[in-house]
Amino acid sequence: DAGITQSPRHKVTETGTPVTLRCHQTENHRYMYWYRQDPGHGLRLIHYSYGVKDTDKGEVSDGYSVSRSKTEDFLLTLESATSSQTSVYFCAISEGGTNQPQHFGDGTRLSIL
Amino acid sequence: GENVEQHPSTLSVQEGDSAVIKCTYSDSASNYFPWYKQELGKGPQLIIDIRSNVGEKKDQRIAVTLNKTAKHFSLHITETQPEDSAVYFCAVPYKLSFGAGTTVTVRA
Numbered sequence: 047d048a049g050i051t052q053s054p055r056h057k058v059t060e061t062g063t064p065v066t067l068r069c070h071q072t073e074n075h076r077y078m079y080w081y082r083q084d085p086g087h088g089l090r091l092i093h094y095s096y097g098v099k100d101t102d103k104g105e106v107s108d109g110y111s112v113s114r115s116k117t118e119d120f121l122l123t124l125e126s127a128t129s130s131q132t133s134v135y136f137c138a139i140s141e142g143g144t145n146q147p148q149h150f151g152d153g154t155r156l157s158i159l
Numbered sequence: 066g067e068n069v070e071q072h073p074s075t076l077s078v079q080e081g082d083s084a085v086i087k088c089t090y091s092d093s094a095s096n097y098f099p100w101y102k103q104e105l106g107k108g109p110q111l112i113i114d115i116r117s118n119v120g121e122k123k124d125q126r127i128a129v130t131l132n133k134t135a136k137h138f139s140l141h142i143t144e145t146q147p148e149d150s151a152v153y154f155c156a157v158p159y160k161l162s163f164g165a166g167t168t169v170t171v172r173a
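Rendered as structure tokens:
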């Protein structure tokens with residue numbers, strides 16, 4: 047399995063609080079992605095990174111920000127969590143861009159009450 | 066992102082039978098098409114992929130076919146086994162999009 051670690055694996059928090067999820071990789075891959083998974087929607091891209099300090103928005107980026115200060119870490123932040131952001135969040139990495147397979151972490155289950 | 070249509074959303078098959086899942090896409094510039102399998106509590110795992118210069122690729126009981134003209138690609142699982150029960154996703158990475166998933170149940 048690709049060396050991807052997501053933390054925390056589970057989190058419960060309250061509306062209005064900030065939340066940061068971490069993705070750590072040991073593969074030295076250039077590309078990193080954050081997705082959310084909700085029933086009936088499959089995987090939807092939140093943000094992705096194509097290098098250190100290089101990020102771009104995905105399909106559902108509103109309410110989320112990201113940072114990548116080093117190759118191995120990609121952080122996803124919910125500045126002020128809302129109940130609609132309750133979801134399972136997956137990080138993925140790929141060696142190249144859109145013509146290469148992605149490898150996924152095991153997800154973070156986030157509940158916002 | 067691109068609208069990737071995946072059908073069916075659920076599929077129940079008898080052990081030993083075949084399963085077929087189909088995905089359609091709209092951007093003709095797409096040229097790489099992977100399939101992922103997701104087991105409960107885990108992240109999706111790549112099981113097979115195909116590039117646009119071939120029409121079919123096989124790996125043991127799993128195959129993927131691609132029709133670039135019609136803009137669809139399909140996952141075929143033959144001789145299904147209980148361990149094939151999972152959620153399967155197609156993807157169109159060129160558009161950073163995934164299908165909504167197919168829940169496959171193999172009945173013993």
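So the protein lines, in turn, are chains A and B. Mind the numbering: the first sequence is residues 47 to 159 in my numbering, read in order. Mind the numbering: the second sequence is residues 66 to 173 in my numbering, read in order. Here a beta-carbon is modelled for each residue, glycine too, at the ideal position from N, C-alpha and C. Because the structure is a prediction, the values reported are computed rather than measured.
At a cut-off of 9 Å, the C-beta of Lys136 (chain B) has no neighbouring C-beta in chain A. Counting of Cβ neighbours within 10 angstroms places Ser133 (chain A) among the buried residues, the total reaching 16 or more. By the C-beta density criterion, Gln79 (chain B) is exposed, having fewer than 16 other C-beta atoms within 10 angstroms. Gly86 (chain A) belongs to the set of residues whose beta carbon lies under 9 Å from a beta carbon in chain B. Sequence-ordered contacts of the stretch 76-106 of chain B with chain A read Ser95, Asn96, Tyr97, Pro99, Tyr101, Gln103 and Gly106 [C-beta pairs closer than 9 Å].
For the C-beta of Ala165 (chain B), the chain A residues within less than 7 Å are, from N- to C-terminus, Gly86, His87 and Gly88. Sixteen is the threshold: since fewer than 16 other Cβ atoms of the shown chains lie within 10 Å of the Cβ of Gly86 (chain A), the residue is exposed. Secondary structure remark: continuous beta strand (DSSP E) runs of at least 3 residues inside the stretch 78-162 of chain B, in chain order: 84-89, 97-103, 110-116, 121-124, 127-132, 137-142 and 151-157. Contact with chain B is absent for Ala127 (chain A), since none of that chain's Cβ atoms lies less than 9 Å from the residue's Cβ.
Residues Thr123 of the same chain have their beta carbon placed closer than 6 Å to that of Ser111 (chain A), with the five preceding and five following residues left out of the count. Thr66 (chain A): member of the beta strand (DSSP E) spanning Val65 to Gln71, first to last residue. The criterion of a C-beta distance shorter than 9 Å is not satisfied by Val157 (chain B) and Lys102 (chain B). In this structure, the beta-carbon distance from Leu111 (chain B) to Gln148 (chain A) falls below 9 Å.
In the DSSP annotation of this structure, the continuous segment of the beta strand (DSSP E) that includes Thr168 (chain B) starts and ends at Thr167 to Arg172.
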